[in-house]
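Visitor: Pasting a structure here, questions to come.
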Amino acid sequence: MSDSIKMTYTVSDTDFTRAGEASSDVKKRLRQMGCDPEVIRKVAIAMYEGEINMVIHANGGEIEVEITPEDITMVLKDKGPGIPDIEKAMQAGYSTAPENVRALGFGAGMGLPNMKKYSDEMNIETTVGVGTTVTMKVHQ
Amino acid sequence: MDNDKTFTNSVHLDPDLCKGCINCIKRCPTQAIRVRNKKACITKEFCIDCGECIRICQNHAKLPTYDSLDVLNNYRYKVALPAPSLYGQFNNLDDTNIVLTALKRMGFDDVYEVGAAAEVVSELSRHYVATHKEQRPFISTACPSITRLIRVRFPNLIEHLLPILPPVEIAAKEAREAAVRKTGLKPEDIGIIFISPCPSKVSAVKSPLGQKESYIDAVCAVKDVYVRLLPLMKEIKEPEDLSMAGRIGIGWGISGGEAGGLLSENYLAADGIENVIKILEDLEDQKFTDLDFIELNACNGGCVGGVLNIENPFLASVKMNHLKKYMPVAKKHIEVTDVITPEEALWTEDVEYVPVYRLGSNMRDSIRMMNEAEKIEEKLPGLDCGACGAPTCHALALDIVKGDAKELDCIHLLREYVHRFSDEMSKA
């Protein structure tokens, strides 16, 4: 598998100051690969939104990223509360973020909609009380 | 791609003074420096002329490149273009005319304040920002280090760059044409000389972004002019009335001054290259999109923090704030600008992304190299000690993959190797 590179990132539980580190690192690697800037933009935004979601809602988790010449796959796994109503969560502006999070300027209800908007494929597997796995793909 | 012209640097090394220490390689925000053969070498494609290595080098081996005042001898008619931050260098200065008159007594035939052109740029920027809302937030392009950084590292932000020439270029164009009219000399007999707070402008003159050719002939240092001006200023009883810039123009020398000139509160101003990089990273991730304008300066405090200045940037800011307190808001307006039209102040050349960080010539190669680097990095101690000449273990791993370094450049791996070797020898 020399045609792919895999990275694993741990997203900390409630430390906002570290949110965005994983997407920053992926961004840097994509730049080193000579990736198209538009692809870098899409990956960076989709992944950053995902990271923030994991911190706000799910006490952190793990992100696996695989880069191939064809696409970038991001798998965001958490053991959080799960999403009871995906359709509602996908609506722009719908938010369940607590007040203290909104005070920081997060939780505007654009997380999942932006992830969908900036990825070319997105799949959500979620079980209430067990956790959520979001898989996003951006084509090169 | 014409690399020689695309990537010009204004930092050079005095090899006799360089001890090959690791201070500059650790400080460089773009990891452009390596110590090889005990001397610091710059990869010019990565260097943005921010001046950090010049600031940190205790041996004064890292030197800014700029023109000596001898260039005044090359022209029949010389016009000085003083940067606003020049005024921050003097104690108790209450009239910019004293500095401007002293410049004339120093050997210049005329002066044209960059701050005056800055007021024109402020006016043009207000109009441009208001009429191109879809491109918001605009990123200022007056600091050449920032534009160069964005060109190689933030391709998605290029569309946000404010496509207006920096004040010094507008000042230069106007000053030359005014001088030609006044003297009847040929344009090439006139020397347009920028008194600069930073060497980054030297590179910007040699290889400008947004325009084909710079209008400036030479870039001299504030610190060189300062020592010549001081004694002359003391003698001036009745200064000539040469001042052309008001509060807005002078304010450009301090972080927040350019943004303030937009007369809108919806802006952000960040200074210091590390802070700037954080802002650009966040902007790329679309963490904030609601701003009209983002002013970024590579130096702490703005242009007052440039390495060619003398005064501490914070003290210089205090002095400039004091100086501009009783000045009119602005003195120069587009209507009274006799030469340049708003169209002429716009960029004529597009800034294009240059992927200097790319590892391989194609994606497959890059992925292979990155995987190899990963394997090498696992062997390295992860101390980022810099003793190999690279700023981090990660950077060394990439250098090895690129063929620019070898594993035993790492002193920790070398030590292991030597121990293993001597063990084997003693067993034999």
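Residue numbers (the working numbering), protein chains in the order written: chain A, 2 to 141; chain B, 73 to 500. All C-beta atoms in this analysis are idealised placements derived from N, C-alpha and C, irrespective of residue type, glycine included. As the structure is a prediction and not an experimental result, all values here were calculated from the model.
Let's see if you can read the secondary structure: which residues bound the beta strand (DSSP E) around residue 502/B?
Guide: Since the displayed chain B opens at 73 and closes at 500, residue 502/B lies outside it and no answer follows.
Visitor: Can you find a CB in chain A that lies within less than 9 Å of the CB of residue 475/B?
Guide: no
Visitor: Based on the DSSP output, what are the partners of residue 290/B in its beta bridges?
Guide: 265/B
Visitor: Skipping 5 residues on each side, what residues in its chain have a beta carbon closer than 6 Å to that of residue 75/B?
Guide: Low per-residue confidence applies at residue 75/B: pLDDT is 46, beneath 50, and the placement is therefore not dependable, though the value from the model is reported in the following sentence. Hits under 6 Å: none found.
Visitor: Is residue 111/A helix, strand or coil by DSSP?
Guide: DSSP, reduced to helix, strand and coil, places residue 111/A outside both helices and strands of the structure shown, so it counts as coil.
Visitor: Can you give me the start and stop residues for the beta strand (DSSP E) that residue 368/B sits inside?
Guide: Here the beta strand (DSSP E) through residue 368/B covers 365-369.
Visitor: Closest to residue 7/A by CA distance: which of 23/A, 15/A, 18/A is it?
Guide: 23/A
Visitor: Let me confirm a value: residue 49/A is counted as buried when at least 16 other C-beta atoms fall within 10 Å, else exposed. Which label applies?
Guide: buried
Visitor: Across which residues does DSSP place residue 105/B in a beta bridge pair?
Guide: 114/B
Visitor: Can you tell me where the alpha helix (DSSP H) with residue 244/B in it begins and where it stops?
Guide: 239-255
Visitor: In the structure shown, what three-state DSSP assignment does residue 204/B receive?
Guide: coil
Visitor: May I ask you to list the residues that DSSP assigns as paired with residue 136/B?
Guide: 83/B
Visitor: Within 10 Å of its beta-carbon, does residue 133/A have 16 or more other beta-carbons around it, so buried, or fewer, so exposed?
Guide: buried
Visitor: Between the segment 301-312 of chain B and the segment 352-361 of chain B, do at least 3 Cβ pairs fall closer than 8 Å?
Guide: no
Visitor: Let me make sure I understand the geometry here. Which of 110/B, 399/B, 106/B, 103/B has the alpha-carbon closest to that of residue 91/B?
Guide: 110/B
Visitor: What did DSSP end up calling residue 178/B once you bin it into helix, strand or coil?
Guide: helix
Visitor: With 8 Å as the C-beta to C-beta threshold (strictly closer), list the residues of the segment 42-58 of chain A near chain B in chain order.
Guide: 42, 45, 46, 49
Visitor: Since residue 119/B contacts residue 104/B with CB under 8 Å, what's their CB separation in whole angstroms?
Guide: With a beta-carbon spacing of about 4 Å, residue 119/B and residue 104/B fall inside the 8 Å limit used to define contacts.
Visitor: Note down the Cα distance separating residue 265/B from residue 297/B, rounded to an integer number of angstroms.
Guide: Counting only the Cα atoms, residue 297/B lies some 11 Å from residue 265/B.
Visitor: Within a Cβ cutoff of 7 Å, which residues of the same chain sit near residue 128/B, ignoring the five residues on either side of it in sequence?
Guide: 95, 96, 99
Visitor: Taking all protein chains shown into account, decide if residue 56/A is buried (16 or more other Cβ within 10 angstroms of its Cβ) or exposed.
Guide: buried
Visitor: Hey, out of 441/B, 487/B, 437/B, 117/B, whose CA is closest to residue 275/B's CA?
Guide: 117/B
Visitor: Within 9 Å (strictly less), CB to CB, does residue 81/A reach chain B?
Guide: no
Visitor: Between residue 24/A and chain B, is there a C-beta pair that is closer than 9 Å?
Guide: yes
Visitor: Would you list the residues sitting across from residue 74/A in a DSSP beta bridge?
Guide: 67/A, 138/A
Visitor: Comparing the C-beta of residue 84/A with each C-beta of chain B, is any distance below 9 Å?
Guide: no
Visitor: Counting only beta-carbon atoms, is residue 61/A nearer than 9 Å to chain B?
Guide: no
Visitor: I'd like to know if residue 440/B contacts chain A, where contact means its C-beta is closer than 9 Å to some C-beta of that chain.
Guide: yes
Visitor: Cα separation between residue 205/B and residue 196/B?
Guide: 14 Å
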